[in-house]
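Below: one structure, written as structure tokens.
Residue numbers (my numbering): 3 to 259.
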């Protein structure tokens, strides 16, 4: 009789254990399903946030009009620090020639380019007669310069603002930030764009890629309210002066020999 009682208790305990394991297994399955559902929701939310972020970034450039978002992040085009009216020689060569023929510049080896002169050069038409940077201008404050203008992509205007700061080692100018509309370009991309543009300019001036202003004889650059002052080596001044004199001796287009 005692043996039967023990056997019955053992069977009962085994049944309880089986039921407990079954409940735990069902609970685990519910948790797994619930967790998968949470993961799916999180992934969807992340994709939505990413899509909204990208759309907002595009809308903030002003290049594409996106309903609702454009009204929130791009209510109006960015404006320059101040409006600068152009004046002076119409091209870069003429501006350089005027500076190196100035007795004061030759005596001090320092030439100051006003923001109005630089703005005039910036609006110089290209070889096809078109001005790439519309409403381009240069505004200079103490220790900082702002390059501002618009380009047209796909029929839509895109405002570009570039902040420029002087560098001491080596002496020159460096790009601090680039903004497309109201979007700030990442620093890494800014550095790549800056290096590419400088190499293109160096190539057009018949210098090797990677050539710095210090390499060609620029000893110092200062940004003061309304102007950019460059201190040049005597060798650079002599080279520029010789080039200006040679250009002035060339016959004008259409002139008889």
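All C-beta atoms, glycine included, are put in the ideal place defined by N, C-alpha and C.
Could you pull out every residue in the same chain whose Cβ sits closer than 8 Å to the Cβ of residue i, ignoring the five residues on either side in sequence?
| i | result |
| --- | --- |
| residue 144 | 225, 226 and 227 |
| residue 11 | Because the pLDDT at residue 11 is just 48, under 50, the model does not fix this residue reliably, and the point stays unresolved. |
| residue 243 | 102, 103 and 108 |
| residue 127 | 133 |
| residue 136 | 151, 152, 153, 154 and 159 |
| residue 209 | 217 and 218 |
| residue 238 | 218, 219 and 220 |
| residue 70 | Interpretation of residue 70 is limited by its pLDDT of 48, a score under 50 that renders its predicted location unreliable; the figure taken from the coordinates is listed afterwards. Within the same chain, residue 70 has no close Cβ partners at all. |
Is residue i helix, strand or coil by DSSP?
| i | result |
| --- | --- |
| residue 224 | strand |
| residue 144 | coil |
| residue 234 | strand |
| residue 35 | Legend: pLDDT at residue 35 = 48, less than 50; position of this residue unreliable, value from coordinates given subsequently. Residue state, collapsed to three classes: helix. |
| residue 178 | strand |
| residue 103 | coil |
| residue 123 | helix |
| residue 98 | helix |
| residue 239 | helix |
| residue 190 | helix |
| residue 85 | coil |
| residue 108 | helix |
| residue 199 | helix |
| residue 249 | helix |
| residue 244 | helix |
| residue 113 | strand |
Measure the CB-CB distance between residue i and residue j and report whether it falls below 8 Å.
| i | j | result |
| --- | --- | --- |
| residue 113 | residue 232 | yes |
| residue 129 | residue 84 | no |
| residue 163 | residue 91 | no |
| residue 211 | residue 220 | no |
| residue 122 | residue 95 | no |
| residue 173 | residue 215 | yes |
| residue 166 | residue 149 | yes |
Once you ignore the five residues that flank residue i on each side, which residues in its own chain have a CB closer than 7 Å to its CB?
| i | result |
| --- | --- |
| residue 156 | none |
| residue 169 | 175 and 176 |
| residue 196 | 177 |
| residue 86 | 117, 118, 121, 139, 140 and 141 |
| residue 125 | 88, 133 and 138 |
Report the residue from the options whose alpha carbon sits nearest the alpha carbon of residue i.
| i | options | result |
| --- | --- | --- |
| residue 117 | 230, 97 and 133 | 230 |
| residue 236 | 179, 244, 111 and 222 | 111 |
| residue 247 | 104, 120 and 185 | 104 |
| residue 107 | 249, 245 and 240 | 240 |
| residue 245 | 82, 127 and 99 | 99 |
| residue 147 | 209, 82 and 136 | 82 |
Can you find the residues in the same chain that come closer than 6 Å, C-beta to C-beta, to residue i, ignoring five residues on each side of it along the sequence?
| i | result |
| --- | --- |
| residue 115 | 230 |
| residue 249 | none |
| residue 222 | 173 and 233 |
| residue 93 | 126 |
Which whole-angstrom value is the C-beta distance of residue i and residue j, which I expect to be below 8 Å?
| i | j | result |
| --- | --- | --- |
| residue 179 | residue 186 | 6 Å |
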